[in-house]
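Data first, discussion second: the structure below is written as structure tokens.
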Amino acid sequence: MATSKKESESGLSFTDQREDPIAGESAGKFPFTRGIYPTMYTQKPWTMRQYAGFGTASESNKRYKELVAAGTGGLSVAFDLPTQMGMDSDNPLALDEVGKVGVAIDTLEDMRELFSGLPLAKISTSMTINAPAAILLLMYQIVAEEQGVTGDKLQGTIQNDILKEYIARGTYIYPPQGSIRLITDIFKYCKVELPLWNTISISGYHIGEAGADPVQEIAFTLSNAIAYVEAALKAGMDVDEFAPRLSFFFVSRTSLLEEVAKFRAARRVWAKIMHDRFNAQKEKSLQLRFHTQTAGVQLTAQQPEVNVVRVTIQALAAILGGTQSLHTNSYDEALALPSEKAAKLALRTQQVIASESGITESVDPFAGSVVIENLTDQLESKILELIGKIDDLGGAVAAIENGFQKREIENTAYKISQEIDGKERIVVGVNQFTSGESVSPPLLQMDPELGNQQRAKLAQRKKDRNNEEVTKLLGEIARIAAGDENLLPTMKSAIIAGATVGEISDQLRHVWGVHRQNESF
Numbered sequence: 031m032a033t034s035k036k037e038s039e040s041g042l043s044f045t046d047q048r049e050d051p052i053a054g055e056s057a058g059k060f061p062f063t064r065g066i067y068p069t070m071y072t073q074k075p076w077t078m079r080q081y082a083g084f085g086t087a088s089e090s091n092k093r094y095k096e097l098v099a100a101g102t103g104g105l106s107v108a109f110d111l112p113t114q115m116g117m118d119s120d121n122p123l124a125l126d127e128v129g130k131v132g133v134a135i136d137t138l139e140d141m142r143e144l145f146s147g148l149p150l151a152k153i154s155t156s157m158t159i160n161a162p163a164a165i166l167l168l169m170y171q172i173v174a175e176e177q178g179v180t181g182d183k184l185q186g187t188i189q190n191d192i193l194k195e196y197i198a199r200g201t202y203i204y205p206p207q208g209s210i211r212l213i214t215d216i217f218k219y220c221k222v223e224l225p226l227w228n229t230i231s232i233s234g235y236h237i238g239e240a241g242a243d244p245v246q247e248i249a250f251t252l253s254n255a256i257a258y259v260e261a262a263l264k265a266g267m268d269v270d271e272f273a274p275r276l277s278f279f280f281v282s283r284t285s286l287l288e289e290v291a292k293f294r295a296a297r298r299v300w301a302k303i304m305h306d307r308f309n310a311q312k313e314k315s316l317q318l319r320f321h322t323q324t325a326g327v328q329l330t331a332q333q334p335e336v337n338v339v340r341v342t343i344q345a346l347a348a349i350l351g352g353t354q355s356l357h358t359n360s361y362d363e364a365l366a367l368p369s370e371k372a373a374k375l376a377l378r379t380q381q382v383i384a385s386e387s388g389i390t391e392s393v394d395p396f397a398g399s400v401v402i403e404n405l406t407d408q409l410e411s412k413i414l415e416l417i418g419k420i421d422d423l424g425g426a427v428a429a430i431e432n433g434f435q436k437r438e439i440e441n442t443a444y445k446i447s448q449e450i451d452g453k454e455r456i457v458v459g460v461n462q463f464t465s466g467e468s469v470s471p472p473l474l475q476m477d478p479e480l481g482n483q484q485r486a487k488l489a490q491r492k493k494d495r496n497n498e499e500v501t502k503l504l505g506e507i508a509r510i511a512a513g514d515e516n517l518l519p520t521m522k523s524a525i526i527a528g529a530t531v532g533e534i535s536d537q538l539r540h541v542w543g544v545h546r547q548n549e550s551f
């Protein structure tokens, strides 16, 4: 039995049995039900991330510096919709979307502005980017190198999870075959160039936000992960070469006990999949490392101040469930992009839990809880059953092709909506406890001229570069895309020469085509 050196306010010492009194499991040991590290948060808390990005790179840079000064240890970058879709800000389809739901990044110069003055050797950066993930990752690497930070020192994550885009989110560009080719190219490149980088964050968050229940969230996410592992093995990689850099991204809801059990079950299921199905040997290949974000879909525009309570409960669920990093949503996010005040309060929520609650004095506060242990077992069984159904359909890609996951999520979302309408599921301030004044907080206002400013900068950068060199390198990208060489080294050269996100993405569009939702794979 390990005893913490600290005492509770009443003078009691915190003790934590490393051996689970029910399952006989230790934290940091297979199958990692109790956590992937033996000491969990008793030595170091989770990474406190804040998701931010809006308008231009210079505007977002100011917010990042404020967050770092406030104590955040990791940044999570939100990109605007054109960037996520591999479009430049001067694309006619991007006209009204530049900088609206995240930061606009067209060129390497934008990335330089975004991270200007930030200590890239000391912070961990997560980027929510999928179809153009390779391009944004290379831009980040180049900026770090310009600051004197070599690739072997960089830490962070790219989401890079295209399968969930077909299921739940929609910011895909290419058909799956080309998309998965690009993902495996990233795996191979980062193995050499950025060995500490998490090359994919396989996301259940967006699946959950689309309406999936906890079982569907985990089962669909792990089935997608199985597809990525199989693709990497088919590309000639050894499982223990890339599996330690796989990471996951989940949602944390207000149903605290079920969410804690969900995270425990997810770790256990993934460890067994990697051990039994893929014969992974390294301990790190078996560990499910994950980032968590509190549930944006559960925030309400009505009585928005109540969202502070929701976010606190959701944060506790993620922490008690053993997350490696956490983003807490701001209370005003059902109304607008987070204000500076709301973003800081969201960060302070994590800091209060870490510093004042006493939760970090125990490796696994819920170890041995009959309720949690039983819920974990039940969830594991249901998750495995649903993964089995997807296997029977031919795997995640084949299941996506026939619309299985999308139908299942839509059915669950409809059921939840009916329960709210019928008051079987209470949402405070929406269908119950609705009396009382609800004051809308001051909201972040976007400058309508930001889009025009971004387009003007882009035009000047295109004018100032060596267009002959850019054209040559873009043609080389198209040639490689049609073959089987790794795309990233040539992409990096094109970015340095001044090629834009949209121009590089267009070369891949020309070769691989564009995915349409109503087309079969």
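Quick note on the working numbering: the sequence shown kicks off at 31 and runs consecutively. Just so you know, even glycine gets a beta-carbon here, dropped at the ideal spot from N, CA and C.
* What do you get for Asp126, buried or exposed, if any count of 16 or more other CB atoms within 10 angstroms of its CB means buried? -> Numbered from its first residue, the sequence shown carries residue 126 at position 96. Under this definition Asp126 is an exposed residue.
* Asked: Helix, strand or coil for Gly481 per DSSP?
  -> Taking the first residue of the sequence shown as 1, we reach residue 481 at position 451. Looking at Gly481 - three-state DSSP - the assignment turns out to be helix.
* **Bridge partner(s) assigned by DSSP for Phe320** => One-based indexing of the sequence shown puts residue 320 at position 290. Looking at the DSSP assignment, Phe320 forms a beta bridge with Phe278.
* Would you mind reading off the limits of the beta strand (DSSP E) that contains Thr379? => By 1-based counting over the sequence shown, the position of residue 379 is 349. Unbroken run through Thr379 is the alpha helix (DSSP H), 370-386; no beta strand (DSSP E).
* Asked: How big is the Cα-Cα spacing for Val299 and Phe320?
  -> Along the sequence shown, read from residue 1 onward, the residue named residue 299 stands at position 269. Along the sequence shown, read from residue 1 onward, the residue named residue 320 stands at position 290. The alpha-carbon atoms of Val299 and Phe320 are separated by roughly 14 angstroms.
* Of the listed residues Ser387, Ala163, Gly543, Arg455, nearest to Phe109 (C-alpha basis) -> On the sequence shown, residue 109 is found 79 positions in, with the first residue counted as 1. Measuring from the Cα of Phe109, the nearest candidate turns out to be Ala163.
* Asked: Quick one, which of Thr330, Val173, Ser355 has its alpha-carbon nearest Pro75's?
  -> Locating residue 75 in the sequence shown gives position 45, where the first residue counts as 1. If you compare the alpha carbons of Thr330, Val173, Ser355 with that of Pro75, the shortest gap goes to Ser355.
* Taking the continuous alpha helix (DSSP H) assigned at Ile303, which residues delimit it? -> The count along the sequence shown starts at 1 and reaches residue 303 at position 273. From DSSP, Ile303 is part of no alpha helix (DSSP H); its letter is neither H nor E.
* What are the start and end residues of the alpha helix (DSSP H) that includes Ser447? -> For the purposes of this step, residue 447 is taken as the residue at position 417 of the sequence shown. Annotation for Ser447: the continuous alpha helix (DSSP H) segment containing it runs 434-451.
* **CB contact flag (Ala301, Phe60, <8 angstroms)** => The residue given as residue 301 occupies position 271 in the sequence shown. The residue given as residue 60 occupies position 30 in the sequence shown. Going by C-beta atoms, Ala301 is nearer than 8 angstroms to Phe60.
* Could you tell me whether the stretch 224-234 touches the stretch 185-193, using the rule of 3 or more Cβ pairs below 8 angstroms? => yes
* **N- and C-terminal bounds of the alpha helix (DSSP H) containing Thr284** => Taking the first residue of the sequence shown as position 1, residue 284 is located at position 254. First-last for Thr284: undefined, no H or E at that position.
* How is Ile232 classed by DSSP in three states: helix, strand or coil? -> Here residue 232 refers to the residue found at position 202 when the sequence shown is read from its first residue. In this structure, Ile232 counts as strand in the three-state DSSP scheme.
* Could you check how far apart the C-beta atoms of Tyr361 and Ala347 are, in whole angstroms? I think they sit under 8 angstroms. => As a position in the sequence shown, residue 361 is number 331, starting the count at 1. As a position in the sequence shown, residue 347 is number 317, starting the count at 1. No, Tyr361 and Ala347 are not in contact; Cβ-Cβ is about 17 angstroms, not under 8 angstroms.
* To do: Give the straight-line distance between the Cα atoms of Leu111 and Val128, rounded to the nearest whole angstrom.
  => On the sequence shown, position 81 is the one that residue 111 refers to. On the sequence shown, position 98 is the one that residue 128 refers to. Between Leu111 and Val128, the C-alpha separation is close to 7 angstroms.
* **Residues that DSSP places opposite Arg79 in a beta bridge** => Taking the sequence shown and counting its residues from 1, one reaches residue 79 at position 49. Looking at the DSSP assignment, Arg79 forms a beta bridge with Gly104, His357.
* On the premise that Thr501 lies in contact with Ile510, defined as a C-beta separation below 8 angstroms, what is that separation, rounded to the nearest angstrom? -> Counting from 1 along the sequence shown, the entry for residue 510 is found at position 480. Counting from 1 along the sequence shown, the entry for residue 501 is found at position 471. So it is not a contact: roughly 15 angstroms between Cβ atoms.
* **DSSP-derived helix/strand/coil call for Val128** => Reading the sequence shown from its first residue, position 98 is the one you call residue 128. DSSP places Val128 in coil when its eight states are reduced to three.
* Straight-line Cα distance separating Glu289 from Ile192 -> Here residue 192 corresponds to residue number 162 of the sequence shown, with the count starting at 1. Here residue 289 corresponds to residue number 259 of the sequence shown, with the count starting at 1. Taking the straight line joining both Cα atoms gives about 25 angstroms.
* To do: Please confirm if Gly200 has its CB atom under 8 angstroms from at least one CB of chain D.
  => The structure shown contains no chain D, having only a single protein chain.
* How big is the Cα-Cα spacing for Asn228 and Glu195? -> Here residue 228 refers to the residue found at position 198 of the sequence shown. Here residue 195 refers to the residue found at position 165 of the sequence shown. Here the C-alpha atom of Asn228 lies approximately 19 angstroms from the C-alpha atom of Glu195.
* With a threshold of 16 other CB atoms inside 10 Å of the CB of Pro334, please say whether the residue is buried or exposed. => Position 304 of the sequence shown, counting from 1, holds the residue named residue 334. Buried is the call here.
* Sub-8 angstroms separation of Phe308 and Val259 beta-carbons -> As a working note, residue 308 is residue 278 in the sequence shown. As a working note, residue 259 is residue 229 in the sequence shown. Less than 8 angstroms divides the Cβ of Phe308 from the Cβ of Val259.
* Asked: When the distance is taken between beta carbons, is Leu105 closer than 8 angstroms to Thr155?
  -> Residue numbering aside, residue 155 sits at position 125 when the sequence shown is read from its first letter. Residue numbering aside, residue 105 sits at position 75 when the sequence shown is read from its first letter. Yes; because the gap between Cβ atoms is below 8 angstroms, this pair is in contact.
* Going along the chain, which residues of its own chain have a beta-carbon closer than 7 angstroms to the beta-carbon of Thr379, five neighbours each way excluded? -> Looking up residue 379 in the sequence shown gives position 349. Excluding residues within five positions, the ones whose Cβ falls inside 7 angstroms are Val341, Thr342, Ala345, Thr358.
* To do: Kindly list the residues whose CB is nearer than 8 angstroms to the CB of Val544, restricted to its own chain and excluding five residues on each side of it in sequence; keep chain order.
  => Counting from one through the sequence shown, the residue named residue 544 turns up at place 514. These residues qualify, in order along the chain: Ile203, Tyr204, Pro205.
* **Pair within 8 angstroms by beta-carbon distance, Leu488 and Glu533** => The count along the sequence shown starts at 1 and reaches residue 488 at position 458. The count along the sequence shown starts at 1 and reaches residue 533 at position 503. Cβ atoms of Leu488 and Glu533: not closer than 8 angstroms.
* Who are the near neighbours of Asn496 in its chain, counting only those whose CB is closer than 8 angstroms to its CB and skipping five residues on each side? -> One-based indexing of the sequence shown puts residue 496 at position 466. Same-chain partners within the cutoff: Ala527, Gly528.
* Look up Gly351 in the DSSP assignment and give the residues it is bridged to. => For the purposes of this step, residue 351 is identified with residue 321 of the sequence shown, where counting begins at 1. Its beta-bridge partners do not exist; DSSP assigns none.
* **Inter-residue spacing [alpha-carbon to alpha-carbon] between Asn404 and Glu55** => Within the sequence shown, the letter at position 374 stands for residue 404. Within the sequence shown, the letter at position 25 stands for residue 55. Going by the C-alpha atoms only, they are around 15 angstroms apart.
* Asked: Should Thr390 and Phe293 be called a contact, given that it needs their Cβ atoms to be closer than 8 angstroms?
  -> For the purposes of this step, residue 390 is taken as the residue at position 360 of the sequence shown. For the purposes of this step, residue 293 is taken as the residue at position 263 of the sequence shown. No; because the gap between Cβ atoms is not below 8 angstroms, this pair is not in contact.
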